[in-house]
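Novice: Residue 89 in the UniProt record's numbering sits at position 89 of the sequence shown, with consecutive numbering throughout.
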Amino acid sequence: MVNLVAAQKPLLHGFMKMAGIRPHTVEIEPGTVMSIWVPSEVIQIPKKSKTTTEAAGTVTNKPTKPVVVLVHGFAAEGIVTWQFQVGSLTKKYSVYVPDLLFFGGSITDSLDRSPRFQAECLAKGLRKLGIEKCTLVGFSYGGMVAFKMAELYPDLVEALVISGSVLAMTDSISHATLSSLGFSSSAELLLPTTVEGCRALLKVAAHKKLWFPDRLHKDFLEVMFNNRKERGELLEGLVVNNKDTTIPNFSQRIHLLWGGNDQIFKLELAQKMKE
Numbered sequence: 001m002v003n004l005v006a007a008q009k010p011l012l013h014g015f016m017k018m019a020g021i022r023p024h025t026v027e028i029e030p031g032t033v034m035s036i037w038v039p040s041e042v043i044q045i046p047k048k049s050k051t052t053t054e055a056a057g058t059v060t061n062k063p064t065k066p067v068v069v070l071v072h073g074f075a076a077e078g079i080v081t082w083q084f085q086v087g088s089l090t091k092k093y094s095v096y097v098p099d100l101l102f103f104g105g106s107i108t109d110s111l112d113r114s115p116r117f118q119a120e121c122l123a124k125g126l127r128k129l130g131i132e133k134c135t136l137v138g139f140s141y142g143g144m145v146a147f148k149m150a151e152l153y154p155d156l157v158e159a160l161v162i163s164g165s166v167l168a169m170t171d172s173i174s175h176a177t178l179s180s181l182g183f184s185s186s187a188e189l190l191l192p193t194t195v196e197g198c199r200a201l202l203k204v205a206a207h208k209k210l211w212f213p214d215r216l217h218k219d220f221l222e223v224m225f226n227n228r229k230e231r232g233e234l235l236e237g238l239v240v241n242n243k244d245t246t247i248p249n250f251s252q253r254i255h256l257l258w259g260g261n262d263q264i265f266k267l268e269l270a271q272k273m274k275e
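Pasting the structure below:
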């Protein structure tokens, strides 16, 4: 039986190409590869052959417009998360959509699972693509990676837009959030293994009640939740002790964009973070 989510992927890829971005693979270091959708105008595609892959090509030009990098959350890879924003943004910006490590086509043999390592790899990948300045837009898990990247590379990141995220997932925030939602662990919430678990995640993540048939939930589980072991380790590496948390002195402009009914990171957290 055809997986409906997998069957939609070529269609989504086609829409992204129509919007002006293409998939590209960047070797960050030996053993670490990152998949990044890049503006079509910066990449030269070789003539098709039996050995040519969709992500093949050489970046030959620097971006011609201000660079915006869209960093996805934990439930889906890059273009699935940002599919409704890319078309509008490419009119005024050079848009880059990475897959963080263990999402999409990005992989590493390193054992480091921290947001810092994700940020370091993303920064290296962007520099290899000729990017000197960018605005990061980070959602949820991607927001924590974006915060860390802005802290480490102020020369590269000139502004931040953060939605539904925090500076760092402290143990107190993690415990309070999971308790309020009725989950025993982050993995139970963000790495569902059953249709019921997938439905529960959707209920938490979406403000409006959305109904999908069980078949679609099952297909989504099969396609979007690969690399389960490594993603579980990412969740473990995300939580830090309250005592180990410091607030960086950010030099960038930061815009917090929040849903008033966010159930995971409530509006009060955003207000405290702003203060």
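Just so it is clear, CB atoms sit at the ideal spot from N, CA and C, and this is done for glycine as well.
Could you check the C-alpha separation between I28 and L101 for me, to the nearest Å?
Specialist: Straight-line Cα distance between these residues: approximately 11 Å.
Novice: I need the DSSP call for I79, collapsed to helix, strand or coil.
Specialist: In the structure shown, I79 sits in a helix (DSSP, three-state: H, G or I).
Novice: Any idea what DSSP makes of S94, helix, strand or coil?
Specialist: Residue state, collapsed to three classes: strand.
Novice: Looking at the structure shown, is F220 part of a helix, part of a strand, or coil, going by DSSP?
Specialist: Three-state result, F220: helix.
Novice: How big is the Cα-Cα spacing for E275 and V95?
Specialist: Cα-Cα distance, rounded: 30 Å.
Novice: When burial is assigned at 16 or more other CB atoms within 10 Å of the CB, is I21 buried or exposed?
Specialist: Answer is buried; the Cβ neighbour count reaches 16.
Novice: Three or more beta-carbon pairs under 8 Å between the stretch 138 to 157 and the stretch 102 to 120, yes or no?
Specialist: Short answer: they touch.
Novice: Whose CA, out of L111, V239, R228 and L89, lies closest to the CA of Y141?
Specialist: Y141 has its Cα closest to that of V239, out of L111, V239, R228 and L89.
Novice: Could you pull the start and end residues of the beta strand (DSSP E) that E27 belongs to?
Specialist: E27 -> beta strand (DSSP E) spans I21 to E29.
Novice: Is it true that the CB of P39 sits closer than 8 Å to the CB of P66?
Specialist: Cβ distance not < 8 Å, so P66 and P39 don't count as in contact.
Novice: Is it buried or exposed, L129, if we count other Cβ atoms within 10 angstroms and call 16 or more buried?
Specialist: Buried is the call here.
Novice: Classify T81 as buried or exposed, calling it buried when 16 or more other Cβ atoms lie within 10 Å of its own Cβ.
Specialist: It counts as buried.
Novice: Leaving out five residues before and five after S110 in sequence, what residues of the same chain have Cβ atoms less than 8 Å from its Cβ?
Specialist: Excluding positions up to five away in sequence, the list reads G31, T32 and F117.
Novice: Do I79 and V59 count as a contact pair if the criterion is CB distance below 8 Å?
Specialist: Going by C-beta atoms, V59 is not nearer than 8 Å to I79.
Novice: By Cβ distance below 7 Å, which residues in the same chain neighbour A106 in space, the five residues on each side in sequence not counted?
Specialist: First, the residue type needs correcting, since residue 106 is Ser and not Ala in the sequence shown. Cβ neighbours of S106 beyond the five flanking positions: V33, M34, S35, D99 and L100.
Novice: Contact defined as beta carbons within less than 8 Å: I believe V166 pairs with L136. What is the distance between those atoms, to the nearest angstrom?
Specialist: No, V166 and L136 are not in contact; Cβ-Cβ is about 15 Å, not under 8 Å.
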